[in-house]
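Once you know that position 338 of the sequence shown is 347 in the working numbering, the rest is easy, because the numbers rise by one and skip nothing.
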Amino acid sequence: MVARGEGNLWMFTVREMFEPTRYRTDGVWGGKSHMRLFPMSAVKGDLTVALHGRWIGDTTGYVMRESRINLYHLRMATKARRSLRRDLYAAADPRRTFQKIGYDYLDDERGMLLEQIPASRTFNPPFVEDGGLWSPEPEKVGAIVSDQFEHRLHFVAQSIARQGHEAAFHVLRDLAAASPQDQDLPLLAATYALTAGRAAQAHALSTTVLADRPECLAARVLAARSLHMLGRGEDGLSTTAGLPYNSLYCQHILAGLVTGSDDFTSDSAIWRRWIKGGGRCEEGHGVKSSDLAVVVIGFRAQDTLAAAVASVIEQSEPAEIVVVNTGGGERPQDAGFLPSLHPTDRHRRTAFRRCGPQYRHRCIARAFRLLPRW
10 MVARGEGNLW
20 MFTVREMFEP
30 TRYRTDGVWG
40 GKSHMRLFPM
50 SAVKGDLTVA
60 LHGRWIGDTT
70 GYVMRESRIN
80 LYHLRMATKA
90 RRSLRRDLYA
100 AADPRRTFQK
110 IGYDYLDDER
120 GMLLEQIPAS
130 RTFNPPFVED
140 GGLWSPEPEK
150 VGAIVSDQFE
160 HRLHFVAQSI
170 ARQGHEAAFH
180 VLRDLAAASP
190 QDQDLPLLAA
200 TYALTAGRAA
210 QAHALSTTVL
220 ADRPECLAAR
230 VLAARSLHML
240 GRGEDGLSTT
250 AGLPYNSLYC
260 QHILAGLVTG
270 SDDFTSDSAI
280 WRRWIKGGGR
290 CEEGHGVKSS
300 DLAVVVIGFR
310 AQDTLAAAVA
320 SVIEQSEPAE
330 IVVVNTGGGE
340 RPQDAGFLPS
350 LHPTDRHRRT
360 AFRRCGPQYR
370 HRCIARAFRL
380 LPRW
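Rendered as structure tokens:
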């Protein structure tokens, strides 16, 4: 790299070691890239660099290059070292002037994901703990100040941007406990708990909100989704009572909750909210997964129904198709591969339109897969 000349500024991937052979990868810890090899001529004689600053401010005339080399930072390899680093930076930067996301996250292991160093990218000699922290005493640098509310929110935003949803959830839950007057924080915490797969925590947060504010639709949706993730689909569906079913968003949420044949064929199935009376639903054995969903509406299985379905099948863009036929009639020949819904009584088209968007996009594959054959 040096031989390629002084016109290059080389970037390295810095891996923060949380154990002697494993580094952290979740959220803000994943893929940190820093300039670590550069010509002294690029510094231009200015050696006054702020905390966390770069040695080179003006990169005009230089080419930034990725070395694709890992640098393993061992200062974080033990809990004691992580806590010391947090305290040292907190004392040196009490107002968080040089890092908006603060420093409390440095030794916060909640939501932590560790990755083993690949066998082809190990380093030598290996890390050996010598018991010496090799650092100034933070108390001699200044007062150790914890992150303020706004710094924690900056960390949450950056963590979410890098898919660190679980770490964001934990911080948001802390903030919600510290600021009970803020009604949005528990909902945000529940949202990212759910995204991180922490359904039990999301359910606990959302039901706490509902206990205080039963009219909160966001909490009701979160509670239903968390119950569904916990394998309690029926309870999740019952929690949706009171949602505005004419909302496309709510229809999308409801569609995601319908995953079992018992849910779809039972008297409490969601589609029965719009279609009253007798009827049957049938499962198609040839449902394809697609981002395009088509609902074909028929009456008494008229002769043109099969042709309408065939025309959709023949389109160049593959689609997930469901037939909603009312008023009875015989099943068209060779249509058994299609899922279908057959109310006994005649209904207005608006009822079918409400059923259709409920299962649009990939939700239709999950929901209408449960219908017995036409």
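The C-beta atom is built at its ideal place from N, Cα and C for all residues, glycine as well.
Check                                                                                                                           : Outcome
Sequence-distant residues of the same chain with beta carbon closer than 7 Å to methionine 73, five excluded per side           : Leu18 and Met20
Nearest to arginine 105 (by Cα), restricted to the options Ile153, Ser129 and Asp116                                            : Ile153
Cα-Cα separation between aspartate 102 and aspartate 117, rounded to whole angstroms                                            : 19 Å
Whole-number beta carbon distance between alanine 264 and threonine 248, since they are thought to touch under 8 Å              : Actually they do not touch by this definition, with Cβ atoms about 15 Å apart.
Anticipated Cβ contact below 8 Å, serine 215 with serine 235, distance rounded                                                  : 6 Å
Valine 37 vs serine 155 beta-carbon contact at 8 Å                                                                              : no
For alanine 227, the nearest candidate out of Ile262, Asp244 and Ser144 (CA to CA)                                              : Ile262
Through-space distance from serine 188 to cysteine 364, alpha-carbon basis                                                      : Confidence in cysteine 364 is poor, its pLDDT being 48 and thus under 50, which makes the residue's placement too unreliable to answer from.
Cβ contact (3+ pairs, closer than 8 Å) linking the segment 192–206 and the segment 174–184                                      : yes
For methionine 238, the first and last residue of its enclosing alpha helix (DSSP H)                                            : 226–238
Isoleucine 78 versus aspartate 244: straight-line alpha-carbon distance, rounded                                                : 51 Å
For glutamine 210, the first and last residue of its enclosing alpha helix (DSSP H)                                             : 208–221
Cut-off 7 Å between Cβ atoms - residues of its own chain near leucine 181, not counting five sequence neighbours on either side : Val165, Leu194, Leu197, Ala198 and Tyr201
Inter-stretch contact at 8 Å, needing at least 3 Cβ pairs: the segment 111–129 / the segment 80–99                              : yes
Bridge partners - arginine 74, DSSP secondary structure assignment                                                              : Trp19
Three-way DSSP call (helix, strand, coil) for valine 11 in this model                                                           : helix
Whole-Å CB distance - glycine 111 paired with aspartate 35, under 8 Å assumed                                                   : Glycine 111 to aspartate 35, Cβ: 17 Å. No contact.
Residues near arginine 229 in its chain [Cβ-Cβ closer than 8 Å; skip 5 each side]                                               : Ser215, Leu219, Thr248, Thr249, Gly251 and Leu252
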